[in-house]
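In our numbering, the protein residues as written are 3 to 160.
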């Protein structure tokens with residue numbers, strides 16, 4: 003009888019552990035909003051929520067460790083370098099400051115983009131037979147200048 007009690011206790015303990023390990027499953031819209039907030043808006047709070055949500059799937063660790071300031075700087079510098087690569091070296095060097103300002107403003111604009119999820123459909127996963135995934139249709143709105151400048155205002159011979 004004592005062995006049955008021990009076995010029953012072990013079974014109940016394992017069942018309790020299994021129930022405690024279960025986590026809330028977010029709807030596709032909510033999960034997409036967390037990823038968007040993290041990787042497009044660079045929102046630290048969204049990153050923390052996303053890591054909390056994904057923690058059970060990555061053995062209690064953070065799924066993403068992101069230094070937004072460093073990543074933004076790398077993205078800006080890469081964009082500026084790619085943009086200026088199309089110009090002669092002298093022109094690129096003289097326009098670098100303006101290009102940096104432009105990409106800084108553009109990336110700041112992305113960070114304030116407003117997400118609207120239009121539709122979520124569950125569709126077959128084309129990469130894994132018998133599996134389904136969520137297809138999210140969304141739009142993002144960004145601020146645009148209310149008045150566009152007619153053209154370059156500085157030295158046009160740069």
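All residues carry an ideal CB built from backbone N, CA and C; glycine is no exception. All values reported here derive from a predicted model rather than from experimental measurement.
Cβ-Cβ separation between residue 145 and residue 114: approximately 7 Å, consistent with a contact (criterion under 8 Å).
Under the three-state reduction of DSSP, residue 139 is assigned to strand. A direct Cα-to-Cα measurement between residue 46 and residue 103 gives close to 24 Å. In terms of CA proximity to residue 132, 124 leads the group 138, 124, 30. Going by DSSP, residue 71 is part of the alpha helix (DSSP H) stretching over 70–86. A direct Cα-Cα distance of roughly 40 Å separates residue 128 from residue 15.
Residue 27 has its alpha-carbon roughly 45 Å from the corresponding atom of residue 149. Within the same chain, and ignoring the five residues on either side of residue 141 in sequence, the residues whose Cβ sits closer than 7 Å to its Cβ are 118, 120.
Counted as a single uninterrupted DSSP element, the alpha helix (DSSP H) harbouring residue 54 occupies residues 46–56.
For residue 120, the secondary structure class from DSSP, reduced to helix, strand or coil, is strand. DSSP places residue 147 in the coil class of the three-state scheme, outside both helix and strand.
Residue 90 sits in coil when the DSSP states are folded into three classes, being neither helix nor strand.
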